[in-house]
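Taken in order, these protein sequences are the chains called X and B.
Under this note's numbering, think of the first position of the first sequence as 526, with each following residue one higher.
Under this note's numbering, think of the first position of the second sequence as 897, with each following residue one higher.
A virtual CB, placed ideally from N, CA and C, is assigned to each residue, including glycine.
Data block below; observations after.
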Amino acid sequence: MPPALSFDKVTKTYLRSHLGMVTATRGVSELSLEVAEGEVFGLLGLNGNGKTTTMKLALGLLRPTSGSVRVFGREPGSMEALGSVGYLPELPSYYPYLTPRESLAYYARLSGVPKAGLEGRIDEVLRSVGLEKAAKRSAGEFSKGMLQRLGLAQALLHQPKLILLDEPVSGLDPLAIHDVRELLLRINRAGSTLLLSSHSISDVERLCSRVGILVEGKLVRVLSQPDWSAQGGLEKIFVDTVRPAA
Amino acid sequence: MSALGILCANAWREQVRGRFFSVTLIFGGLMLYMSVLLGMLASDQEVRVLLDFGLSFIDVLAAAAVTFAAATGLVREMETKTLYLILSRPVPRSVYLLGRYLGLLLSALTAVLAMAVVHVSILLFKGWHWEAGYLLALAGVGLKLAVTAAVATLLTMISTSVLSALCLTGISWMLGHFVFEIRFMATQALAGASAKALYVMAYVVPNLQLFNFRDRLGIPDATGGGVSFLFALSYCLVYSAACLGGAWGIFRRREF
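Written out as structure tokens, the structure is:
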């Protein structure tokens, strides 16, 4: 059985041209990683160190400059691969004229969720992210935290096998963070694979079974739960790893 | 409903609920009122003036609305990341582009229809007798919008900013009304780069003069409307398909 997600020596270089001058920036460099089905894998790294690039490569929104990426053994961006993926981008926004219910119906139908049972599924997801009371308000009136909950709802709606979460607890209050953590663990127990990036080390520590640390686009360390428990916690390892480069 | 229909319906809803659509309709109402005032100045030709100015205003405003929507829509979807939420689903990029295009076109046609209802009401009030040619003139406006929206979609893909996409579409729209004149100038120009450039321009910019059925209105013995319309329809389909094909060629390789 192929892994849920695999990166084989993937390098992504961004080329930007301005006034005839072309500059190259490394997004990720020689990234090799496998995320097994049913795993919760966390990506840690400072801003601009390749976390979002990694996720976009898995979605086919970016193409690798070299190396290969596979999602359940398939080309990222292919209809088969995208059909099994849910994605929460960092700080997403939504059509302000739609209510959460309308937004979710729109995304669900684009994901191929059958119309029969759709309303029930939307109710269930709205309840699970705590938005049931705001279901009839337009997204234009939402706070940052509510938008983040709606983002989670759209990523989970079609019950994808692999969920990519870019900063899933960003903008949430402590109670919501707790609820989201519980929700993600429930989803994982139900069989979904999670790849998440976060600046909240304590959440990553509590959610993930393995963690990768990206420094300047390179995956410099991959740790499993026993590793960070034995070495004084994930925060210490993270700081010791990124400090020389920061 | 297929993904195409869903995307089309959402693009239509986005436009119709947007501020720019309301402003277009208000402005359209004002312009139609202006044409009533202009009609008063030409007392013996009042209905003719009302017809011409009214249809021209509808044409220009709808073209402005569809150009603005096409040029800004995609950029806004990228900036707000709503595009990521669509392209991370099993929706082919060609379907996204086509759905968005059809939605924009539908919203512009909705605006045309709303303004036309007001226009016809004013005309009937002023003693105009209904002519089926009016529908042909409106259909011409619709075909022109289809081409303009396709050009705007392509230029949005090529341009580096919303402003340049708007300007380029505006220029091509204006040149499109002078294609026969450009061809004539090309035949008159001396041989060399300028003649070649004029020839290229004459065949690259959309020939929007083909869609003018307004001038037939009020001419009782005008013939060949059906044939001209079929030719205009075929031209519209081929030209729009070429523009959308080009836009898709760029869009499918684009990274986000």
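For this session: Determine, using beta carbons only, whether residue 1134(B) and residue 1098(B) come nearer to each other than 8 Å.
Result: no
Problem set entry | From 907(B), 944(B), 1067(B) and 952(B), residue whose alpha carbon lies closest to that of residue 925(B) | 952(B)
Exercise. Which one of 627(X), 615(X) and 632(X) has the shortest CA to CA distance from residue 987(B)?
Worked result: 632(X)
Problem set entry | One or two residues paired with residue 956(B) in a DSSP bridge | BP columns for residue 956(B) are empty, so no partner.
Problem set entry | Straight-line Cα distance separating residue 1082(B) from residue 1094(B) | 5 Å
For this session: Grab the span of the beta strand (DSSP E) containing residue 548(X) for me, first residue to last.
Result: 546 to 560
Exercise. Helix, strand or coil: how does DSSP classify residue 704(X) here?
Worked result: helix
Problem set entry | Selection from 1073(B), 964(B), 985(B) and 1122(B) that minimises the alpha carbon distance to residue 1032(B) | 1122(B)
Exercise. Of the residues that make up the segment 630 to 645 of chain X, which ones have a beta carbon closer than 9 Å to any beta carbon in chain B?
Worked result: 631, 632, 634, 635, 636, 637 and 640
For this session: Output yes if chain X places a C-beta closer than 8 Å to the C-beta of residue 964(B); else output no.
Result: no
Problem set entry | Own chain, CB closer than 6 Å to residue 602(X), minus 5 neighbours either side, in chain order | 585
Problem set entry | Outcome for residue 875(B) when other beta-carbon atoms lying within 10 angstroms are tallied against a minimum of 16 | Shown here, chain B extends from 897 to 1152; a query on residue 875(B) therefore has no answer.
For this session: Could you tell me the distance, in whole angstroms, from the CA atom of residue 929(B) to the CA atom of residue 1072(B)?
Result: 28 Å
Exercise. Where do the N-terminal and C-terminal ends of the alpha helix (DSSP H) with residue 1092(B) fall, by residue?
Worked result: 1089 to 1100
Problem set entry | Where residue 1071(B) sits in the DSSP three-state scheme | helix
Problem set entry | Whole-angstrom C-beta distance between residue 625(X) and residue 659(X), which should lie under 8 Å | 6 Å
Exercise. With distances taken between CB atoms, is the gap from residue 1008(B) to residue 954(B) smaller than 8 Å?
Worked result: yes
Problem set entry | Through-space distance from residue 995(B) to residue 1090(B), alpha-carbon basis | 39 Å
Exercise. What span of residues does the beta strand (DSSP E) with residue 1111(B) cover, start to end?
Worked result: First-last for residue 1111(B): undefined, no H or E at that position.
Exercise. Looking at the C-beta of residue 1151(B), does it have a partner C-beta in chain X at a distance below 8 Å?
Worked result: yes
Exercise. Of all the CB atoms in chain B, is at least one closer than 8 Å to the CB of residue 764(X)?
Worked result: no
Exercise. If you draw a straight line from the C-alpha of residue 736(X) to the C-alpha of residue 729(X), how long is it?
Worked result: 8 Å
Problem set entry | Counted within 10 angstroms of its Cβ, other Cβ atoms place residue 1036(B) as buried (16 or more) or exposed | buried
Exercise. Residues of chain B with a CB under 7 Å from the CB of residue 610(X): which are they?
Worked result: 984
For this session: With residue 1015(B) as the anchor, note down where its alpha helix (DSSP H) starts and where it stops.
Result: 989 to 1021
Problem set entry | Pick from 1088(B), 947(B) and 1049(B) that is closest to residue 1025(B), judged by C-alpha positions | 947(B)
Exercise. Alpha carbon to alpha carbon, how far is residue 1078(B) from residue 1067(B)?
Worked result: 14 Å
For this session: Indicate whether at least one CB of chain X lies closer than 8 Å to the CB of residue 902(B).
Result: yes
For this session: Closer than 6 Å by C-beta to residue 1061(B): which residues in its own chain qualify, once you throw out the five before and the five after it? Chain order, please.
Result: 967, 1051, 1052 and 1055
For this session: Can you have a look at residue 679(X) and say buried or exposed, based on whether 16 or more other CB atoms are within 10 angstroms of its CB?
Result: buried
Exercise. Residues in the segment 585 to 617 of chain X with C-beta within 7 Å of chain B's C-beta atoms, listed in sequence order?
Worked result: 586, 587, 588, 604, 607, 608, 610, 612, 614 and 617
Problem set entry | Coil, strand or helix - residue 740(X) by DSSP | strand
For this session: Note down, in chain order, every chain X residue with its Cβ under 7 Å from the Cβ of residue 899(B).
Result: 635
Exercise. In the DSSP assignment, what are the bridge partners of residue 690(X)?
Worked result: 613(X) and 721(X)
For this session: Determine, using beta carbons only, whether residue 976(B) comes closer than 8 Å to chain X.
Result: yes
Exercise. In its own chain, which residues sit with a C-beta less than 6 Å from the C-beta of residue 990(B), not counting the 5 before and 5 after it?
Worked result: 1144
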